[in-house]
Amino acid sequence: MTSALRSPDWLAAITDPRRLRIEVLAGLVVALALIPEAISFSIIAGVDPRVGLFASFTMAVTIAVVGGRPAMISAATGAVALVIAPLVAQHGLQYLIAAVLLGGLLQVVLGLLGVARLMRFVPRSVMVGFVNALAILIFAAQVPQLVDVPWLVYPMAAVGLAIIFGLPRLTTAVPAPLVAIVVLTATAVAAGIDVPTVGDQGALPDSLPGLLLPDVPISTATLTIIAPYALGIALVGLMESLMTAKLVDEITDTPSSKTRESVGQGVANVVTGLFGGMGGCAMIGQTMINVRSGARTRVSTFLAGVFLLVLVLVLGDLVAVIPMAALVAVMVFVSIATFDWHSLRTLTRMPRSETAVMLVTVAVVLATDNLAIGVAVGVLTACVLFTRRVAHLVTVTGGEVVDGTRTYVVRGALFFASTNDLVGRFHYAADPAHVVVDLTGAHVWDASSVAVLDAIEHRYAAHGTTVQIVGLTEETGHYHQRLAGRLGGGH
0 MTSALRSPDW LAAITDPRRL RIEVLAGLVV ALALIPEAIS FSIIAGVDPR
50 VGLFASFTMA VTIAVVGGRP AMISAATGAV ALVIAPLVAQ HGLQYLIAAV
100 LLGGLLQVVL GLLGVARLMR FVPRSVMVGF VNALAILIFA AQVPQLVDVP
150 WLVYPMAAVG LAIIFGLPRL TTAVPAPLVA IVVLTATAVA AGIDVPTVGD
200 QGALPDSLPG LLLPDVPIST ATLTIIAPYA LGIALVGLME SLMTAKLVDE
250 ITDTPSSKTR ESVGQGVANV VTGLFGGMGG CAMIGQTMIN VRSGARTRVS
300 TFLAGVFLLV LVLVLGDLVA VIPMAALVAV MVFVSIATFD WHSLRTLTRM
350 PRSETAVMLV TVAVVLATDN LAIGVAVGVL TACVLFTRRV AHLVTVTGGE
400 VVDGTRTYVV RGALFFASTN DLVGRFHYAA DPAHVVVDLT GAHVWDASSV
450 AVLDAIEHRY AAHGTTVQIV GLTEETGHYH QRLAGRLGGG H
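Numbering (numbering that gives the first Met the number 0), first residue to last: 0 to 490.
As structure tokens, then:
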């Protein structure tokens with residue numbers, strides 16, 4: 000904790016009054032937005048609202064110290080709630096806590112093993128699809144708050160959006176979302192307007208959380224029950240957190256430690272489990288609120304957790320009267336700001352494969368309500384389309400017969416997809432007694448390629464032709480020498 004408190008981003012906020020004001024106000028806005036979200040996710044998971052609220056507090060405070068991406072908000076999330084809901088329904092809260100603890104430990108292990116490095120394999124088209132799907136989900140999550148409600152909700156939400164979009168043109172001294180929340184709450188209370196409020200979403204806690212261990216049998220039966228859910232918590236949490244960290248990196252043009260973030264998510268989930276929380280991960284919506292409000296350091300993340308606890312324990316009665324219309328306005332603003340509108344303007348100019356990957360990612364996320372599944376399918380689609388495209392880049396050029404020798408020049412990446420039809424691109428019966436296959440412009444990537452080269456040699460041998468393979472690099476030469484003749488290429 001000490002090293003984290005001494006990090007440059009903490010010092011920059013603490014020693015700069017203007018920066019500190021931005022961080023404090025951004026943290027306050029995030030805390031206000033977290034309350035109804037945490038309550039809603041608790042309902043999805045099938046647990047008491049206190050479980051989600053305490054999880055949001057412990058996740059935010061812990062990740063502020065141990066996380067690798069400053070200004071990113073972690074708390075109870077819908078993705079994790081969807082994973083754990085069946086476990087709660089079948090086995091209850093105690094097994095949930097055990098699963099959260101195990102999931103956190105798995106995240107620590109995966110982080111130390113370098114799972115964060117896999118982020119380099121996520122292409123831009125998947126990232127754009129992730130962002131756009133996320134924006135749509137954030138907007139869609141507000142729709143229930145606008146259905147079967149008093150008509151005054153609509154003008155209040157409209158006024159809130161007008162404040163959020165209009166105030167920055169006049170001043171940026173305070174975050175516009177905070178001003179919208181304060182103005183709409185004051186108006187609703189002063190005028191006695193009867194509209195849905197935060198208090199209508201569920202009871203707020205009135206005491207601090209305490210340390211506890213899950214009351215479950217320590218046995219292989221328990222492990223069998225919680226292991227699948229713990230793995231789901233770990234994988235979904237890491238994927239969403241790393242994707243969110245990468246997005247914040249791009250928005251703020253600053254780097255972050257993905258390995259530290261992976262380990263930090265695990266530590267935060269372990270701490271959350273020990274306090275009876277439902278677990279969580281990075282929250283893209285709240286992170287966007289934080290970043291769009293100007294926050295750039297760990298101070299805002301830490302204060303978001305602290306403010307959340309203070310608001311629900313000390314100022315619970317005041318928080319309870321905040322109109323949901325105000326928070327809906329904030330989240331609609333976040334969805335609009337999150338969506339990559341540029342991707343629509345360039346839709347017709349992008350390669351079809353890139354567009355397809357983005358649309359597949361969006362479609363799967365919307366169909367499953369799961370960002371992690373959408374990203375996984377998007378990456379798989381991108382890999383298949385890339386492999387298909389690269390497979391057609393291999394060329395074979397046969398030269399004239401010189402001194403009884405024909406030389407074939409092969410160019411491109413040789414791997415399982417590109418070598419399927421390579422055998423049929425040589426003229427076995429018509430070629431002279433000596434053939435040279437020049438691989439100077441090619442690279443042998445896998446055993447499939449070596450097997451195909453073996454097959455070519457065997458086909459020529461059947462016609463009494465000797466084959467000489469030249470141009471291999473030192474690396475591919477050793478690879479070919481180690482596997483040649485051992486893969487059944489002649490069968």
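For each residue, glycine too, the CB sits at the ideal point set by N, CA and C.
Under 6 angstroms Cβ to Cβ from residue 16, same chain only, skipping five residues before and after it: list those, please.
-> Counted from its first residue, the sequence shown places residue 16 at position 17. Excluding residues within five positions, none has a Cβ falling inside 6 angstroms.
Residues bridged to residue 440 (per DSSP) = For this step, residue 440 is matched to residue 441 along the sequence shown. According to DSSP, which records beta bridges pairwise, residue 440 is partnered with 410.
Hey, would you say the C-beta of residue 480 is under 7 angstroms away from at least one heavy atom of the ligand ZN?
-> No copy of the ligand ZN appears in this structure; indeed no ligand is present at all.
Around the Cβ of residue 120, are there at least 16 other Cβ atoms within 10 angstroms (buried) or fewer (exposed)?
-> The residue labelled residue 120 in the question sits at position 121 within the sequence shown. Counting Cβ neighbours within 10 Å, residue 120 comes out exposed, since fewer than 16 surround it.
Thinking C-alpha only, which one of 35, 114 and 110 is nearest residue 77?
-> For the purposes of this step, residue 77 is taken as the residue at position 78 of the sequence shown. Checked all of 35, 114 and 110; the closest Cα to residue 77 is 35.
Do residue 261 and residue 86 come within 8 angstroms of each other at the CB atom, strictly closer than that value?
-> Start at 1 with the first residue of the sequence shown, and residue 86 comes out as number 87. Start at 1 with the first residue of the sequence shown, and residue 261 comes out as number 262. In this structure, residue 261 does not lie closer than 8 angstroms to residue 86 by Cβ.
Excluding five sequence neighbours on each side, which residues of the same chain lie with their C-beta closer than 7 angstroms to the C-beta of residue 49?
-> Along the sequence shown, one-based indexing puts residue 49 at 50. 204, listed in sequence order.
Nonlocal neighbours in the same chain, by C-beta distance under 7 angstroms from residue 463, ignoring five residues either side | Locating residue 463 in the sequence shown gives position 464, counting from the first residue. Excluding sequence neighbours, residue 463 sits near 432.
Compute the Euclidean distance between the alpha carbons of residue 40 and residue 53, then round it to the nearest angstrom.
-> Counting from one through the sequence shown, the residue named residue 40 turns up at place 41. Counting from one through the sequence shown, the residue named residue 53 turns up at place 54. The straight-line gap separating the alpha-carbon atoms of residue 40 and residue 53 is approximately 12 angstroms.
Considering residue 396, what are the terminal residues of the beta strand (DSSP E) in which it resides?
-> Taking the first residue of the sequence shown as position 1, residue 396 is located at position 397. For residue 396, the enclosing beta strand (DSSP E) stretches over residues 394 to 397.
Segment contact flag, the segment 404 to 420 with the segment 432 to 449, C-beta cutoff 8 angstroms, min 3 pairs = yes
Apart from the five residues on each side of it in sequence, which residues of its chain come closer than 8 angstroms, Cβ to Cβ, to residue 57?
-> Locating residue 57 in the sequence shown gives position 58, where the first residue counts as 1. The answer, listed in chain order, is 208, 267, 270, 271, 274, 276 and 304.
Going by DSSP, name the residue or residues bridged to residue 468.
-> Locating residue 468 in the sequence shown gives position 469, where the first residue counts as 1. Bridge partners of residue 468: 436.
Which residue spans inside the segment 267 to 322 form an unbroken alpha helix (DSSP H) run of at least 4?
-> 283 to 291, 297 to 312 and 315 to 318
Go ahead and pull the three-state DSSP assignment for residue 401.
-> Residue numbering aside, residue 401 sits at position 402 when the sequence shown is read from its first letter. Look at residue 401 here: in three-state DSSP terms it is strand.
By the 10 Å Cβ neighbour count, where 16 or more other Cβ atoms means buried, how is residue 185 classified, buried or exposed?
-> Looking up residue 185 in the sequence shown gives position 186. Per the 10 Å Cβ criterion, exposed.
Range covered by the alpha helix (DSSP H) that runs through residue 33 | If you number the sequence shown from 1, residue 33 lands on position 34. 16 to 44 is the extent of the alpha helix (DSSP H) around residue 33.
When DSSP labels each residue in this structure, what does residue 75 get in the three-state scheme?
-> Reading the sequence shown from its first residue, position 76 is the one you call residue 75. Here residue 75 sits in coil by DSSP.
Specify whether the segment 321 to 329 and the segment 148 to 162 touch according to this definition: at least 3 beta carbon pairs, one from each stretch, less than 8 angstroms apart.
-> Result yes; three or more Cβ-Cβ pairs closer than 8 angstroms.
Can you give me the Cβ contacts of residue 290 inside the same chain, cut-off strictly under 7 angstroms, excluding the 5 residues immediately before and after it?
-> The residue labelled residue 290 in the question sits at position 291 within the sequence shown. Contacts found: 70, 247, 250 and 251.
Taking the continuous alpha helix (DSSP H) assigned at residue 94, which residues delimit it?
-> Numbered from 1 along the sequence shown, position 95 holds the residue referred to as residue 94. Membership of residue 94 in the alpha helix (DSSP H) is indicated by the continuous run 92 to 111.
Is it right to say residue 214 is buried, meaning 16 or more other beta carbons lie within 10 angstroms of its own, or is it exposed?
-> Locating residue 214 in the sequence shown gives position 215, counting from the first residue. When all chains shown are included, residue 214 counts as exposed.
For residue 60, which option in 67, 68 and 73 has the closest C-alpha, if you only look at C-alpha atoms?
-> The residue labelled residue 60 in the question sits at position 61 within the sequence shown. Looking at the Cα atoms, 73 is the closest of the given residues.
Using a Cβ-Cβ cut-off of 8 angstroms (strictly less than) and excluding sequence neighbours within five positions of residue 46, which residues of its own chain qualify?
-> For the purposes of this step, residue 46 is taken as the residue at position 47 of the sequence shown. Around residue 46: 87, 92, 95 and 277.
For residue 137, the nearest candidate out of 444, 89, 331 and 442 (CA to CA) | The residue you call residue 137 lines up with position 138 of the sequence shown. Minimum Cα distance to residue 137 is reached at 331.
What's the call for residue 494, buried or exposed, on a 16-neighbour Cβ count within 10 Å?
-> Because the chain in this structure spans residues 0 to 490, residue 494 falls outside the shown range and cannot be described.
Starting from residue 66, trace the alpha helix (DSSP H) both ways and give me its first and last residue.
-> The residue labelled residue 66 in the question sits at position 67 within the sequence shown. It is not in any alpha helix (DSSP H) - residue 66 carries neither H nor E in the DSSP assignment.
Expressed to the nearest angstrom, what Euclidean distance is found between the alpha-carbon atoms of residue 83 and residue 228?
-> In the sequence shown, residue 83 corresponds to position 84, counting from 1. In the sequence shown, residue 228 corresponds to position 229, counting from 1. So the two alpha carbons sit approximately 6 angstroms from each other.
Residue 361, enclosing alpha helix (DSSP H) - first and last residue | Position 362 of the sequence shown, counting from 1, holds the residue named residue 361. Element bounds for residue 361: 351 to 367.
If I'm right that residue 347 touches residue 63 with Cβ under 8 angstroms, what's the distance once you round it to whole angstroms?
-> One-based indexing of the sequence shown puts residue 347 at position 348. One-based indexing of the sequence shown puts residue 63 at position 64. That pair is no contact at about 43 angstroms.
Any contact of the segment 226 to 240 with the segment 26 to 33, i.e. 3+ C-beta pairs under 8 angstroms?
-> no
Mark residue 351 as exposed unless 16 or more other C-beta atoms lie within 10 angstroms of its C-beta, in which case mark it buried.
-> Sequence index remark: in the sequence shown, residue 351 carries index 352 (1-based). Burial call: exposed.
In this structure, what does DSSP give as the bridge partners for residue 196?
-> Indexing the sequence shown from 1 puts residue 196 at position 197. Residue 196 is bridged to 322.
Residue span of the alpha helix (DSSP H) that contains residue 128, given as start and end | The residue you call residue 128 lines up with position 129 of the sequence shown. Per DSSP, residue 128 belongs to the alpha helix (DSSP H) from 123 to 141.
Going straight from the alpha carbon of residue 368 to that of residue 51, what length do you get?
-> If you number the sequence shown from 1, residue 368 lands on position 369. If you number the sequence shown from 1, residue 51 lands on position 52. In a straight line, the C-alpha of residue 368 is about 19 angstroms away from that of residue 51.
Among the residues of its own chain, which have a CB less than 7 angstroms from the CB of residue 198, if the five just before and after it don't count?
-> As a first step, residue 198 is located in the sequence shown; it is residue number 199 there, counting from the start. Excluding residues within five positions, the ones whose Cβ falls inside 7 angstroms are 319 and 320.
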